[in-house]
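Visitor: One structure follows; several queries about it will come next.
4 protein chains.
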Amino acid sequence: MIIVLRPDATQKQIDHITEKVKKLGLKPWVSKGVERTIIGVIGEEDVLRIQPLEVFAGVEKVMPILTPYKLVSRDFKKDDTKINIGSGVKVGGKKIVVMAGPCSVEDEKLLITIAKKVKAAGATVLRGGAFKPRTSPYSFQGLGEKGLKYLARAKKETGLLIVTELMDTRDIKLVEKYADIIQVGARNMQNFNLLKTVGKSKKPVLLKRGMSSTVRELLMSAEYILSEGNFNVMLCERGIRTFEDYTRFTLDINAVPSIKSLSHLPVIVDPSHATGRWGLVGPASKAAVAAGCDGLLIEVHSSPEDAFSDGSQSLIPENFSALMRELRKIALAVDRKI
Amino acid sequence: MIIVLRPDATQKQIDHITEKVKKLGLKPWVSKGVERTIIGVIGEEDVLRIQPLEVFAGVEKVMPILTPYKLVSRDFKKDDTKINIGSGVKVGGKKIVVMAGPCSVEDEKLLITIAKKVKAAGATVLRGGAFKPRTSPYSFQGLGEKGLKYLARAKKETGLLIVTELMDTRDIKLVEKYADIIQVGARNMQNFNLLKTVGKSKKPVLLKRGMSSTVRELLMSAEYILSEGNFNVMLCERGIRTFEDYTRFTLDINAVPSIKSLSHLPVIVDPSHATGRWGLVGPASKAAVAAGCDGLLIEVHSSPEDAFSDGSQSLIPENFSALMRELRKIALAVDRKI
Amino acid sequence: MIIVLRPDATQKQIDHITEKVKKLGLKPWVSKGVERTIIGVIGEEDVLRIQPLEVFAGVEKVMPILTPYKLVSRDFKKDDTKINIGSGVKVGGKKIVVMAGPCSVEDEKLLITIAKKVKAAGATVLRGGAFKPRTSPYSFQGLGEKGLKYLARAKKETGLLIVTELMDTRDIKLVEKYADIIQVGARNMQNFNLLKTVGKSKKPVLLKRGMSSTVRELLMSAEYILSEGNFNVMLCERGIRTFEDYTRFTLDINAVPSIKSLSHLPVIVDPSHATGRWGLVGPASKAAVAAGCDGLLIEVHSSPEDAFSDGSQSLIPENFSALMRELRKIALAVDRKI
Amino acid sequence: MIIVLRPDATQKQIDHITEKVKKLGLKPWVSKGVERTIIGVIGEEDVLRIQPLEVFAGVEKVMPILTPYKLVSRDFKKDDTKINIGSGVKVGGKKIVVMAGPCSVEDEKLLITIAKKVKAAGATVLRGGAFKPRTSPYSFQGLGEKGLKYLARAKKETGLLIVTELMDTRDIKLVEKYADIIQVGARNMQNFNLLKTVGKSKKPVLLKRGMSSTVRELLMSAEYILSEGNFNVMLCERGIRTFEDYTRFTLDINAVPSIKSLSHLPVIVDPSHATGRWGLVGPASKAAVAAGCDGLLIEVHSSPEDAFSDGSQSLIPENFSALMRELRKIALAVDRKI
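Now the structure itself:
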């Protein structure tokens, strides 16, 4: 950690800071330049994080050197993490895993119809929300356990694995019972109790990036899960909030290679939420595969006109199927497969 | 709701849409312009919100006319809501209510010392977190119930009311027992289950704006609470995330009069989180009072150097006391009092 | 245009507005709903744009129906624009045009070395700034005309076409003399006099998106150029400013298909500025090709350690060459070529 | 400057970097920690800014210690700059200077009417654009020199000083002839040639913050002007672009005390553009005065319904006059006057 002092910092202030640092069991070194004196601190930086050094008299700013996350970082583990999600499917290897299905689970028959179609097109995981985070209290809030049961039925009929969202710490047992992958939604990325709860679970977790969270904050949230013992975490880029309003969110495609370089965890991209327009899901999916993602989470609905949520960003099965054919070509071009 | 059609929309597409609208029990009217045909829909707009009209063939865009929130809006209730928070203190009236105290509750003695000082300076509510949302799993996470007990002791000693954060639906009984105002933090603004839980409580709620939530989304989250029966909600502007990085967040001062014009609920400003620098807390507080806020939430710590969290944005009691004197003058200038 | 009235709008206010609209030669129609009355206006919307209808008593909001740009839109011209930039090279067709070279022109010999290498790797246009917009007055500001002459020499030696930036209306003659494509930089996207100046030029223009401009604002700026008679405009996505700070900017990959659907003009992507890190230029370039761009603008420098500007985002020629090989595969996968 | 090395940096890489630093005439010191080695560099940091140190093998990141601006900083000049704008009026002292008038100059008679009214209400400077930056080429672009002449007439009739915008380096002589303060608009904040041009002028400059520029970038742009010899620069906060869309921009009220602490230059606030809604201009103006601004730039139009630009954010003279009375009270409360 580097402590930059104000030009008018006194020797007394410098001494006060170095003493404080020493009391914490760390070693300070002072370097006096022409315009500024700086104090470097060697040792376990975490000890210092809890100290608000900016408030010490004479301090201009404090610059951390080390990243605050450990277990999720490439420094901690060099090799890519490969997560076994069941049925022999691995996320994080050569194969790009496609998770597809409706935004919310609405009707059993409809769900099974969609499931069969996405399976036929090459998806290996079925997505569908039984608990839905909705901005309006008057919107459809999901079917709850009934929705989970429909997912179970669809799994039985098709062999697809299931990814579904957990919204409340009280529902962990319920969701664990039905899900192969537990999704933590963007709005809950910093719901730290929820993170600890899935951290104690044995199920793989798909953690979505908050709409205004940086890549490093996403890694910190993943650190919560790993620090509780669950290392099977996939990170999901799903678009960030910016001033651009033609699309619902801005897909941060840079995040894919950025996360891959900072962390060993697999990266999934959700082109449906990241664009909010079904006409852009294709180009966004292709870009994600070309940029190196390990999986895709795509909304597919057989009659978007009747969907209870996010119909405008859903592909119909025919378009999804055509897209899968195109994605296969791009996957090959970057030495992956779908 | 206005449905704008594409220039190439066919009569068949137009008929398909109008039929769909009629089936929902609403009345469409079609207006053909030179460049575009539009379909207006009269009636209960909520029925249409669940229909993704954008996916209908021939539709270019859909523009809602009405706001999606009802109970929180000025249209629903003309007069300012005044919330009785206990001990005869009302939020939303002529008096600007000041809530002050440390970011997190750390030590009983220290808390009581701070409580006495902020009380002497004119605060009526003591703030302090027993459950702390922290970005790092390795940071201090709060004292939990022990912290709540310290708050109760401080209340008993000073007569200050208590505002403290609820982070997990499972802790509602516990927090209700000690708090006069239940705080929902910025990171939980769209934790909808938490909103429903405090909506069922009888305690007043202080709802903080998410760091990347619009004013209208804040109102939607408040709507969740009111729709469950709890009308005693204060809305808190605490800075939004922008590209500016000199300050930790950007205080959206426009939000104060914006919310006051859209809603009848009281508006609180948190200048400590909204700036992240104690040197800016003074000017930001003054601006908030001048702009018409109903309350302030200010971090005060008697030895910020030793604070476990957010020390760099805490005022020392002497500065807080001086600030209160200045705020009183501005309050008078805008015909309020502190 | 739709004028939404306040719930308490009076008949007198409604009459005042409809009269005003009629005076402008337009036809208003009034539709009274249960909760709101709205006034639709049919006709040339531009006439209304200059009228601040929001200020009329009784008006709640005004919602435009039509886009404010005309000449750049797909409605105006269905087919993709193909721009002949010289030497038989066309931008906007099946071939993806790669423009590569140093950020700024620094040394003649060095420039020619780089030019030869990017030519060998498959680039068809040489980029290089003679006039440099720099945030600090103390930074290298470019060589001016001397730099342009170096570019001319490099063109002569390699046959590469030249793209270079114009920063000042006073320099148009000078830049026109040397450039095959005139670049308007991100910081000048709304320098409207500069836009009019290049609009009167016969040279193709590469217009970079402002770092905080929406896609629609980019189209409006292009409209300035087309409205002066120059239809040979390429639009360049170069990253937007967001809260994410791991990368210098956030590449808005959604912008590529969005612009292609809204406009007939070709879209270029600058992965160097959009990431600010040379290690991310590869994945970003691949994503851009997969998403459907018509060209790439890539910084290449043979010794980035000695570059006067933006060295940290420059590829060395060997990496550029390897990237070109990978891009060719992706181009084929999306039925294009490089 | 602090150079943080990668955990796997070799001694050879370290030596290469320290040699490079020494060659530039600077003194490096190397400090090896448990997890990272860092190299500190003492001396003139500007020399290093032109070197892209991030590209050196073994480097993880580079952190500057010193600010890149000099002349505008408080370190360079402790005392507040007071700018004599003519007629004995000073900006930057105890008196808060109010500049008011229409967005654009449209009609001579109308302008003089407005001028008389704002003068009567207490304004000392008349604002009004003769050259207008407009996003659409089809919008009113300003009257040019004719508009400047109208301003001159209004000045003669009322004694008000004139602030008006310069958009093109070619118009400097013309604008200098009529203006008491030359305005550089938000869209031109990084039009560096324009900055150099006004830097060579003897007239005071009002520099508006770009809508997506940080406070530090605003200071860098001001540095351009000061470095050319013109020290009479006022910095103007006019709202930044964020995701919030209820208001046109987000007034960054934190910027007022931030700039005052970083720089000696006076700070002006433009509440009209910063909100985009006349109903919010009052609260925003009051907040600005309470936060410590040195001046206000307010749009006033006697018939906003007929304004050619930005009518919806203009106050009518009666409202402006009432606002001035309220602002006087707040100014007194913070020991200033209006």
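Residue numbers (our numbering), protein chains in the order written: chain A, 350 to 687; chain B, 350 to 687; chain C, 350 to 687; chain D, 350 to 687. No residue lacks a Cβ here, since even glycine has one placed at the ideal position from N, Cα and C.
What does the alpha-carbon distance come out to for the pair Gln-662/B and Arg-597/D?
Guide: Distance from the CA atom of Gln-662/B to the CA atom of Arg-597/D, rounded to whole angstroms, is 29 Å.
Visitor: In three-state terms, what does DSSP make of Pro-451/D?
Guide: Pro-451/D sits in coil when the DSSP states are folded into three classes, being neither helix nor strand.
Visitor: How many whole angstroms separate the CB atoms of Ala-590/B and Phe-592/C, which I take to be in contact at a CB cut-off of 8 Å?
Guide: With the sequence shown as reference, residue 590/B is identified as Arg, and Ala is not the correct amino acid for it. Sure, about 5 Å apart at Cβ, within 8 Å.
Visitor: Count the other CB atoms within 10 Å of the CB of Thr-624/B; is the residue buried (16 or more) or exposed (fewer)?
Guide: Thr-624/B should be labelled buried.
Visitor: Can you give the Cα-Cα distance for Ile-366/A and Trp-378/D, rounded to whole angstroms?
Guide: 21 Å
Visitor: For a quick check, are the C-beta atoms of Leu-645/B and Val-447/B less than 8 Å apart?
Guide: yes
Visitor: Closer than 8 Å by C-beta to Leu-575/C: which residues in its own chain qualify, once you throw out the five before and the five after it? Chain order, please.
Guide: Leu-420, Val-421, Gly-548 and Val-582
Visitor: Closer than 8 Å, Cβ to any Cβ of chain C: which residues of the stretch 596-610 of chain A, in chain order?
Guide: Thr-596, Thr-599, Leu-600, Asp-601, Ile-602, Asn-603, Ala-604, Val-605, Pro-606, Ser-607 and Ser-610
Visitor: Beta carbon of Asp-517/B, beta carbon of Asn-542/A: below 8 Å?
Guide: yes
Visitor: Since Ser-658/B contacts Ser-453/B with CB under 8 Å, what's their CB separation in whole angstroms?
Guide: 5 Å
Visitor: With Leu-584/A as the anchor, note down where its beta strand (DSSP E) starts and where it stops.
Guide: 582-586
Visitor: On the DSSP letters alone, give me the boundaries of the beta strand (DSSP E) that Gln-532/D sits inside.
Guide: 530-533
Visitor: Contact check, Thr-386/A vs Pro-615/A under 8 Å by CB: the rounded distance?
Guide: Between Pro-615/A and Thr-386/A the Cβ distance is about 45 Å, and since that is not below 8 Å, they are no contact.
Visitor: Identify the residues that DSSP records as bridge partners of Leu-664/D: which are they?
Guide: Val-649/D
Visitor: Relative to chain B, which residues along the stretch 619-634 of chain D have a C-beta separation below 7 Å, given in chain order?
Guide: Across the stretch 619-634 of chain D, CB contacts with chain B closer than 7 Å involve Thr-624, Gly-628, Leu-629, Pro-632 and Ala-633, in sequence order along the chain.
Visitor: Below 8 Å between beta carbons is the criterion; list the residues of the stretch 351-373 of chain D that meet it against any residue of chain A, in chain order.
Guide: Ile-351, Val-353 and Pro-356
Visitor: How is the alpha helix (DSSP H) around Glu-494/C delimited, first residue to last?
Guide: Unbroken alpha helix (DSSP H) run through Glu-494/C: 494-507.
Visitor: Roughly how many angstroms lie between the CA atoms of Ala-604/C and Ile-647/A, to the nearest whole one?
Guide: 19 Å
Visitor: Give the residues of chain B in contact with Thr-591/C, contact being defined as C-beta atoms less than 8 Å apart.
Guide: Phe-592
Visitor: Could you round the C-beta distance between Glu-667/D and Gly-660/D to whole angstroms and report it? I think they count as a contact, below 8 Å.
Guide: About 16 Å; that fails the 8 Å criterion.
Visitor: In angstroms with no decimal places, state the Cα-to-Cα distance between Lys-495/B and Ala-656/B.
Guide: Answer to the nearest angstrom: the Cα atoms are 17 Å apart.
Visitor: Is the beta carbon of Glu-525/B less than 8 Å from the beta carbon of Lys-552/B?
Guide: yes
Visitor: Quick one: Cα of Ala-671/A to Cα of Glu-455/A, how far?
Guide: 25 Å
Visitor: With H, G and I counted as helix, E and B as strand and the rest as coil, what does DSSP make of Thr-377/D?
Guide: It is Pro, not Thr, that sits at residue 377/D in the sequence shown. It is a strand residue.
Visitor: Measuring only between beta-carbons, confirm whether Arg-423/D sits less than 8 Å from chain B.
Guide: no
Visitor: Residues of chain D with CB closer than 7 Å to the CB of Arg-299/B, please, in chain order.
Guide: With chain B represented from 350 up to 687, any question about residue 299/B goes unanswered, as that position is not in the structure.
Visitor: Residues of chain C with CB under 8 Å from Met-448/D, in chain order?
Guide: Neighbours of Met-448/D on chain C: none; closest Cβ ~21 Å, over 8 Å.
Visitor: With Asn-542/D as the anchor, note down where its alpha helix (DSSP H) starts and where it stops.
Guide: 541-548
Visitor: Taking the DSSP output, what are the residues bridged to Asn-433/A?
Guide: Lys-439/A
Visitor: Would Asn-433/D be called buried (16 or more neighbouring beta carbons within 10 Å of its own) or exposed?
Guide: With fewer than 16 other Cβ atoms within 10 Å, it is exposed.
Visitor: Judging by CA-CA distance, which residue of Lys-427/D, Thr-513/D, Ala-571/D and Tyr-527/D is the nearest neighbour of Asn-540/D?
Guide: Ala-571/D
Visitor: Please name the residues in the stretch 518-540 of chain B whose beta-carbon is closer than 7 Å to at least one beta-carbon of chain A, in chain order.
Guide: Thr-518, Arg-519, Arg-536, Asn-537, Gln-539 and Asn-540
Visitor: Flag this pair as touching only if the stretch 554-573 of chain D and the stretch 559-573 of chain B have three or more C-beta atom pairs under 8 Å; answer yes or no.
Guide: No, the stretch 554-573 of chain D is not in contact with the stretch 559-573 of chain B.
Visitor: Can you say whether Pro-356/C is buried or exposed, counting buried as having 16 or more other CB atoms within 10 angstroms of its CB?
Guide: Classified as exposed, Pro-356/C has fewer than 16 neighbouring CB atoms from the shown chains inside 10 Å of its CB.
Visitor: CA-CA distance, Val-383/A and Ser-610/D?
Guide: Straight-line Cα distance between these residues: approximately 22 Å.
Visitor: Mind reading off the beta-carbon distance from Ala-639/C to Ile-608/C? Whole number of angstroms is fine, and I expect it under 8 Å.
Guide: Rounded, the Cβ-Cβ distance is 16 Å, inconsistent with contact.
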